[in-house]
Amino acid sequence: TPLQKTLYTFFLKS
Amino acid sequence: MFEARLIQGSILKKILDAIKDLVTDASWDCSPNGMSLQAMDTSHVSLVSVSLNSDGFDKYRCDRNLTLGMNLISLSKIIKCAANDDTIIIKAGDGGDKITLLFEAQNESEVAEYEIKLMNLDSEYLGIPDTTYNVTIKMPSNKFQRICRDLSQIGDAVTISCAKDGVRFGAAGDLGSGSIRLAQTATSDKPEDSVTISMQEALCQSFALKYLNHFAKATPLSAQVTLSMSPDVPLGEPLLFNVCVVEYNISDNDDENPSTIGFIRYYLAPKIDD
């Protein structure tokens with residue numbers, strides 16, 4: 196099954 | 170002192186319906202420019218960003234920046250007490266622990282007043298990079314809602330494949346598979362029915378339908394929805410930015426001269442083959 200990415204991969208924690 | 174008056178209170182009802190099942194607690198950031206909210210769902214897979222411009226309100230006063238943290242389920246319960254044609258007024262004092270909501274009936278003979286307790290939320294704020302997306306699809310929002318609902322019967326994820334002439338939404342599961350293909354429409358008399366594709370390269374990506382179905386709850390806000398995506402890049406390339414952005418403009422319902430007063434944007438992380 197495909198993995199579900201989280202947004203942390205894309206957005207910078209600020 | 171903060172006070173915002175919205176003649177079309179139904180807009181706030183629709184916004185709450187569009188976000189309350191995705192995020193439970195969130196903060197409204199109020200500034201002289203308007204009200205905005207940004208929150209992730211608990212699994213950190215999707216993020217919702219709402220913005221309402223101050224000039225979209227009939228009266229707007231914000232003497233200093235305020236953060237109004239609240240439980241959106243509670244807010245939604247109270248907003249539901251307003252009639253669709255009520256004017257809604259939001260008031261907050263400086264440093265208070267509550268906001269006041271006033272619902273004015275159209276004939277101004279009845280005013281309902283509710284208070285909602287504020288919360289101190291230690292919310293995670295993600296910086297959303299200002300990114301150009303390679304593919305933009307504009308389509309009727311009710312069609313998008315229908316496609317997501319129908320494909321949920323087939324599988325958990327939708328694969329969106331986009332080429333210059335059209336876009337294909339497909340799902341597969343234990344019972345079989347299904348797909349819907351939409352062709353780009355010629356310029357039509359009814360812009361709200363049009364399908365417009367703007368792209369630099371072809372794309373094929375998978376997203377969880379559970380979240381897209383949540384996003385589609387914003388359908389009553391806008392006749393059109395915009396999907397923005399970028400294709401995967403091969404392994405080893407710099408970090409790709411292949412979230413899907415699902416955007417609904419918020420317009421006032423002035424039939425003769427409607428104007429955009431804000432937006433709801435949903436960001437969704439993709440499903441990626443291991």
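Chains as they are written, first to last, in this note's numbering: chain U, 196 to 209; chain C, 170 to 443. The beta-carbon is built from N, C-alpha and C at its ideal position, and this holds for glycine as well.
In chain U, which residues lie with their C-beta within 8 Å of the C-beta of residue i?
i, result
"residue 435 (chain C)", "Simply none; closest approach about 11 Å."
"residue 326 (chain C)", "197"
Closer than 8 Å, CB to CB, is residue i near chain U or not?
i, result
"residue 180 (chain C)", "no"
"residue 407 (chain C)", "Because residue 407 (chain C) sits at a pLDDT of 48, beneath the cut-off of 50, its placement in the model cannot be relied upon, and the point is left open."
"residue 172 (chain C)", "no"
"residue 238 (chain C)", "no"
Give the residues of chain U in contact with residue i, contact being defined as C-beta atoms less than 7 Å apart.
i, result
"residue 216 (chain C)", "202"
"residue 377 (chain C)", "199"
"residue 209 (chain C)", "202"
For the putative contact between residue i and residue j, defined by C-beta atoms under 8 Å, what is the C-beta separation to the nearest angstrom?
i, j, result
"residue 196 (chain C)", "residue 238 (chain C)", "4 Å"
"residue 186 (chain C)", "residue 386 (chain C)", "6 Å"
"residue 378 (chain C)", "residue 412 (chain C)", "Incorrect: roughly 16 Å between the Cβ atoms, too far for contact."
"residue 329 (chain C)", "residue 384 (chain C)", "That pair is no contact at about 13 Å."
"residue 174 (chain C)", "residue 256 (chain C)", "7 Å"
"residue 400 (chain C)", "residue 372 (chain C)", "4 Å"
"residue 355 (chain C)", "residue 340 (chain C)", "With a Cβ gap of about 28 Å, residue 355 (chain C) and residue 340 (chain C) do not count as contacting."
Please list the partners that residue i has in chain U, where partner means a Cβ-to-Cβ separation under 9 Å.
i, result
"residue 441 (chain C)", "197, 198, 199, 200"
"residue 213 (chain C)", "201, 202, 203"
"residue 438 (chain C)", "199, 200, 201, 202, 203, 204, 205"
"residue 414 (chain C)", "The premise fails here: residue 414 (chain C) is roughly 11 Å from chain U at the closest Cβ pair, so nothing lies under 9 Å."
**Request:** Note down, in chain order, all residues in the stretch 348 to 361 of chain C with a beta-carbon under 8 Å from any beta-carbon belonging to chain U.
**Result:** none
**Prompt:** Is the stretch 333 to 352 of chain C in contact with the stretch 413 to 429 of chain C, if contact means three or more CB pairs nearer than 8 Å?
**Reply:** no
**Prompt:** Of all the residues that make up the stretch 187 to 202 of chain C, which are near chain U by a beta-carbon distance shorter than 7 Å?
**Reply:** none
**Request:** Decide if the stretch 261 to 272 of chain C is in contact with the stretch 221 to 239 of chain C; the criterion is three or more beta carbon pairs, one per stretch, under 8 Å apart.
**Result:** yes
**Asked** Is the number of C-beta pairs between the stretch 308 to 324 of chain C and the stretch 272 to 292 of chain C that are closer than 8 Å three or more?
**Response** no
**Request:** Decide yes or no for the touch test of the stretch 421 to 435 of chain C against the stretch 221 to 234 of chain C: beta carbon pairs closer than 8 Å, at least 3 of them.
**Result:** yes
**Prompt:** So does the stretch 243 to 252 of chain C actually touch the stretch 200 to 215 of chain C, counting three or more Cβ pairs closer than 8 Å?
**Reply:** no
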